[in-house]
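Protein sequences appear in the order of chains B and F. Numbering-wise, my numbering puts 231 at position 231 of the first sequence, and it's gapless, one number per residue. Numbering-wise, my numbering puts 480 at position 179 of the second sequence, and it's gapless, one number per residue.
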Amino acid sequence: MSHAPAHAHEHPDFLRHHFNTPKQQFEAGKLGMWLFLATEVLLFGGLFVGYSVWRGNHPEMFKAGSVFLNTKLGALNTAVLILSSITMAAAVTMAQRNKRGPLILLLSLTIAGAVTFLVVKYFEYTHKFHLGIYPGLKFYEKPAGDSHTLSGSLVNDAGGVDLVLVEGTEPLVQEVAFADTPEAEPTTVAPAAIGPAGLAQDALEPGDRPADDDHAEHLTHPLQDPHRPANVHMFFNIYYLMTGLHGVHVAAGIGVLTWLLIGAAKGRFGSAYFTPVDLGGLYWHVVDLIWIFLFPLFYLI
Amino acid sequence: MTTIDVTKPMQPEAGRPAQGTNYLNHTTGIMSWLLTMDHKRIGVMYLVSILTSFFLAGIFGLLVRTELIAPGRTIMDADAYNIMFTLHGAIMVFLVIIPSVPASLGNFVLPIMLGAKDVAFPRLNLFSYYLWVTGAIFAVAAIIFGGVDTGWTLYVPYSTTGTEMNGIIFLSMAVFVLGFSSIFTGLNFIVTIHRLRPPGMTWFKMPLFLWAIYATGIIQVMATPVIGITVLLLIVERAFGIGIFDASLGGDPVLFQHFFWFYSHPAVYIMILPGMGIISELISVHSHKHIFGYRFIAFSSVAIALFGFIVWGHHMFVSSQSPLMNVLFSAITFSVSIPSAVKIFNWLATLYKGSISLNTPMLYALSFIFLFTIGGLTGLHLGTLATDIHLHDTYFVVAHFHYVMMGGAIIALIGGIHHWWPKITGRMYSEFWGRIACGLVFVGFNIAFFTQFVMGAKGMPRRYWDYTDQYRIYHVVSTVGSYIMAIGFFITAAYLIHSLFRGRKAPANPWGGRSLEWQCSSPPPAENFPEPPHVGDCYDYSVLEWDEQEQGYHWRRDIPHPVGEA
Ligand code: HEM
Ligand SMILES: [Cu+2]
């Protein structure tokens, strides 16, 4: 960078020409990163609001859906991310102390954590897909080779319920049917299945479900549960949306961390200049933090 | 020897760029523009791109008006009409008005006003320009794929059902990408203002334009992510049938409206606040009088930014929102108009007993005050529950938001372009044609849109392709007004382009401004200032005097110049 000879002070390589001092540059970078993280939080904020609206109006939907999530895998992932946050924090310290070897090691460990997280997430997703628990309309299609009969309920305009039974990809609409479970009454759901809190009518009157009913745990697909609330697919859609967007951020984090690792290997960072490591660390902590909220919201409560 | 430097005594000689080189000509070639990280060049690229979009969307608007000149089919059928007003609105809002002032003029002036060499993150600045370009490409794709006939608000169920074509997805992607462009611009400016102010420039010595840009930045950063997630949800909704907004899948269409307006109401302040900042500069500089009530204007910008976040429900009075919410939103809506009024009164007080130059920028500033006042006051009719039930979704709303967005934001942009044109291009435009064009725009605008208040109050619904005979006269008048306004804009384009080639060379300080951008030559050198300058009171004009020979202002010869101060 060309700069005017009038600069009396030292202008190290990493200092961009429009900053006067490394401190100014560092502080600008840090403030910028915090603002960016605020936008990330707000981006997820929209989804968290959606979650609250749905959960507030239809708690039973979340109850019925969350039994299909694998709490053990979720807990494993939580532990992995917390560990990776610790290694990341340590990496920043190592950069500040000019310790290149430990910095490289800790960054690699953090990347390993991120990759592990995504691998676990991959198995969780594919397992659900295998069972036919898809996001979107495919939720109501029967998975190939499944002997169970699935029946789905979607509120239709007329205020009644279309029960969509799907063989392969061809939907056939039937009037009344829970084919496997003749004892179940056909459900009627008011058109405003989603509405202001308290107004929502759900398939299940409180107390309908037998007190000792634990059979939901033996099911592989929520549609096999005759007592499921209407629109139970919404739980999974919100789940896929939120964890999916979070997964995209983890993937982006892997990119950032890898870039930091390359920089560290080239010896770019040290006590004079560790801004990228510091900022990358902040990003990674926020990604972890979001998961810390997602895990209990979906898996635990 | 192309530029006349009246500020010589103010700057130490050392580090001055050679006479004649400036940001426009210090490097050449197309790549030196496309890959530039100079905030001035990026600002100019934004300006050109935004004005091109303005032209395009303006044509769409004229087509809409032409269709409406008579009932029934005039030049297009109802479906084409729906597409036309959607594109007009969406392009005007997302590609033109939201980025307009900050990204173009803000980019150009902000670092210079701060005496800085550049914005805090020049690379991010260029990146956000290319995000804008990407958004524009998606918008074009939306036009090609067709089917975008929802209105700029993209309401469900129009956007989730309806046409089979997938233009909606592209338009949503455009909004998403443009949103991030806007976020990065706002973020960049906030950090620049926090970290790159020169020694001596405390918060309350900043030009008011910067306060406005700062407040805008806060909204851009805090509100835009929400529209981002909203259109993202809309995309998955449309592509996979997620069902979050689609009532037929168990979703909640009103939730979409909440999400949309949570962004889009604050977004109207993204549009107007920078314009208000421009007006604060224009009014003070061109009446050669210290701005009145500096702190009030500064704080009202921040107040508008914060209050703007809690009034979104006034767009949803008839959406089945609970009556309690309606009352609350209505009350808060009234309170948010107070800071706007504070600004108006301070501008008027600044004008009072000023020595007003009625040149083009000032005429635009006065037009702004007039038009924005009408727009703001009619906002109160809409914020009142009882009247809004009647006025909602009529031409009254259309007139309201054109008075604030076009009469406010766009007029301020054009005024600002004239104000800083000598600085940006180094040329003076024709003052004569400038005033004529401003007059045509002002008159045409009022003819076009005031009639819409009347027909809206009489019940003409918005977004209708056809109407009964009782509204005919209003539509005819309105369309004629829009043509007059268009003529004004074409004249403006003509003399501005002409000035690039034939215009008189601009002095460093043609208007007698005191903020730092008038201190460097016109056009500014590539690095603005070799060293951060010290600053004085940017609204104290008593130290400047007119120089007949230079046709510009410079520091008074009879008082000593504090070295390094503006
Ligand atoms: C003085 C303060 C203002 C008040 C009290 C106000 C109030 C309102 C209200 C209540 C509505 C909803 C009308 C309805 O749909 O029934 C509305 C619509 C609108 N306002 Fe304002 N407004 C103000 C200033 C502004 C400004 C400064 C802008 C933009 C620069 C703006 C842009 C709009 C737009 C675009 C719409 C219509 C959106 C649509 O439905 O397409 N308003 N305003
Ligand atoms: Cu509003």
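Beta carbons are placed, not taken as given, at the ideal position from N, Cα and C, and that holds for glycine.
Pick from the options that is closest to residue i, judged by C-alpha positions
i	options	result
E828(F)	H17(B), D13(B), P12(B)	H17(B)
P723(F)	G789(F), F630(F), I798(F)	I798(F)
L297(B)	E27(B), W34(B), N20(B), R55(B)	R55(B)
Y270(B)	T258(B), P102(B), V120(B)	First, the amino acid is wrong: residue 270(B) is Gly here, not Tyr. Considering only alpha carbons, the answer is P102(B).
A89(B)	K266(B), Y283(B), I301(B)	Y283(B)
D278(B)	T87(B), Y125(B), F117(B), L76(B)	T87(B)
I292(B)	P12(B), T21(B), F48(B)	F48(B)
S783(F)	V345(F), V365(F), G321(F)	V365(F)
V441(F)	I690(F), V420(F), F409(F), H389(F)	H389(F)
I445(F)	P423(F), Y431(F), G468(F)	G468(F)
W847(F)	A379(F), Y431(F), H589(F), H495(F)	H589(F)
T245(F)	F697(F), I536(F), G407(F)	Given that chain F is displayed from residue 302 to residue 867, the structure contains no residue 245(F) and the question cannot be resolved.
F481(F)	D689(F), R596(F), Y459(F), W433(F)	W433(F)
L411(F)	V836(F), P831(F), S816(F)	S816(F)
L76(B)	M94(B), T116(B), G244(B)	T116(B)
G29(B)	Y570(F), N489(F), L325(F)	N489(F)
L325(F)	N747(F), F560(F), P826(F)	P826(F)
L427(F)	L550(F), Q521(F), H340(F)	H340(F)
A568(F)	F361(F), V755(F), V397(F)	V397(F)
I459(F)	G344(F), M756(F), A548(F), M706(F)	In the sequence as displayed, the identity of residue 459(F) is Tyr instead of Ile. The candidate whose alpha carbon is nearest that of Y459(F) is A548(F).
V699(F)	T493(F), N660(F), F750(F)	F750(F)
F14(B)	A230(B), Y273(B), I301(B), A91(B)	Y273(B)
Cβ shell of residue i (< 6 Å), same chain only, five flanking positions each side left out
i	result
T634(F)	V612, H615, G684
L369(F)	H776
A404(F)	Y347, T486
Y840(F)	S585, H591, I592
H720(F)	L583, P662
V457(F)	F546, P554, F557
A443(F)	V449, G468, F471, L472
H285(B)	S85
Chain-order list of residues whose beta-carbon lies under 7 Å from that of residue i (same chain, five-residue window excluded)
i	result
W734(F)	I792, Y796
G814(F)	V586
A264(B)	R100, L103, I104, L107
P135(B)	F236, N237, Y240
L533(F)	F477
Same chain, Cβ closer than 8 Å to residue i, five either side skipped, listed in chain order
i	result
F439(F)	F471, L472, M474, A475, V478
P210(B)	Its pLDDT being 45, under 50, P210(B) is placed unreliably in this model, and the coordinates cannot settle the point.
G745(F)	G782, S783, Y784, I785, M786, A787, I788, G789
D859(F)	none
Exercise. Does the stretch 60 to 69 of chain B come close enough to the stretch 235 to 243 of chain B that 3 or more CB-CB pairs lie under 8 Å?
Worked result: yes
Exercise. Would you call the stretch 407 to 424 of chain F and the stretch 436 to 451 of chain F touching, i.e. three or more CB-CB distances under 8 Å?
Worked result: no
Exercise. Relative to chain B, which residues along the stretch 541 to 565 of chain F have a C-beta separation below 7 Å, given in chain order?
Worked result: F541, G542, I543, G544, I545, S549, L550, G551, G552, D553, L556, F560
Exercise. Any contact of the stretch 807 to 814 of chain F with the stretch 847 to 858 of chain F, i.e. 3+ C-beta pairs under 8 Å?
Worked result: yes
Problem set entry | Short-range partners of chain B found in the stretch 483 to 494 of chain F, where Cβ spacing is below 7 Å | I484, L488, I491, V492
Problem set entry | Members of the stretch 33 to 56 of chain B that neighbour chain F once the beta carbon cut-off is set at 9 Å | L35, F36, A38, T39, E40, V41, L42, L43, F44, G45, G46, L47, V49, G50, V53, W54
Problem set entry | Contact set between the stretch 605 to 624 of chain F and chain B, restricted to residues whose Cβ is under 7 Å from the partner | S623
For this session: Note down, one range per segment and in chain order, each alpha helix (DSSP H) of at least 4 residues found wholly within the stretch 459 to 537 of chain F.
Result: 468 to 496
For this session: Flag this pair as touching only if the stretch 38 to 47 of chain B and the stretch 511 to 529 of chain F have three or more C-beta atom pairs under 8 Å; answer yes or no.
Result: yes
Exercise. Got a sec: which bits of the stretch 400 to 420 of chain F sit with their beta carbon under 9 Å from any beta carbon on chain B, in order along the chain?
Worked result: P412, A417, K418, D419, V420
Problem set entry | Cβ pair count under 8 Å reaching 3, the stretch 761 to 774 of chain F against the stretch 709 to 726 of chain F | With fewer than three CB-CB distances shorter than 8 Å, the stretch 761 to 774 of chain F does not count as touching the stretch 709 to 726 of chain F.
For this session: Spell out a yes or no on whether the stretch 321 to 335 of chain F and the stretch 108 to 123 of chain B are touching, meaning 3 or more CB-CB pairs, one atom from each, closer than 8 Å.
Result: no
Exercise. Who sits around ligand 3, taking every residue whose Cβ is closer than 7 Å to one of its heavy atoms?
Worked result: Of the ligands one can find in the structure shown, namely ligand 1 and ligand 2, none is ligand 3.
Exercise. Closer than 9 Å, Cβ to any Cβ of chain F: which residues of the stretch 276 to 288 of chain B, in chain order?
Worked result: none
For this session: Would you mind listing the alpha helix (DSSP H) stretches within the stretch 577 to 623 of chain F that are 4+ residues and don't spill past its ends, in chain order?
Result: 595 to 608
Exercise. Taking only runs of the alpha helix (DSSP H) that begin and end inside the stretch 701 to 767 of chain F, which ones reach a length of at least 4 residues, in chain order?
Worked result: Listed in chain order, they are 712 to 726, 732 to 758.
Exercise. Taking any Cβ of chain F, which residues in the stretch 227 to 238 of chain B have a Cβ under 8 Å from it, in chain order?
Worked result: A230, N231, H233, M234, N237, I238
Exercise. Would you call the stretch 682 to 701 of chain F and the stretch 643 to 650 of chain F touching, i.e. three or more CB-CB distances under 8 Å?
Worked result: no
Exercise. Between the stretch 12 to 31 of chain B and the stretch 494 to 501 of chain F, do three or more beta carbon pairs fall short of 8 Å?
Worked result: yes
For this session: Please list the residues of the stretch 101 to 121 of chain B that have a C-beta atom closer than 9 Å to any C-beta atom in chain F, keeping them in chain order.
Result: none
For this session: Select from the stretch 15 to 28 of chain B all residues with a C-beta closer than 9 Å to any C-beta belonging to chain F, and list them in chain order.
Result: R16, H17, H18, F19, N20, Q24, Q25, E27, A28
Exercise. For the stretch 508 to 517 of chain F against the stretch 603 to 610 of chain F, are there 3 or more C-beta pairs whose distance is under 8 Å?
Worked result: Yes: the two stretches touch, three or more of their Cβ pairs being nearer than 8 Å.
Exercise. Just checking, does the stretch 243 to 257 of chain B make contact with the stretch 117 to 135 of chain B on the three C-beta pairs under 8 Å criterion?
Worked result: yes
Exercise. Relative to chain F, which residues along the stretch 130 to 144 of chain B have a C-beta separation below 7 Å, given in chain order?
Worked result: So the list reads P135, G136, L137, given in the order they occur along the chain.
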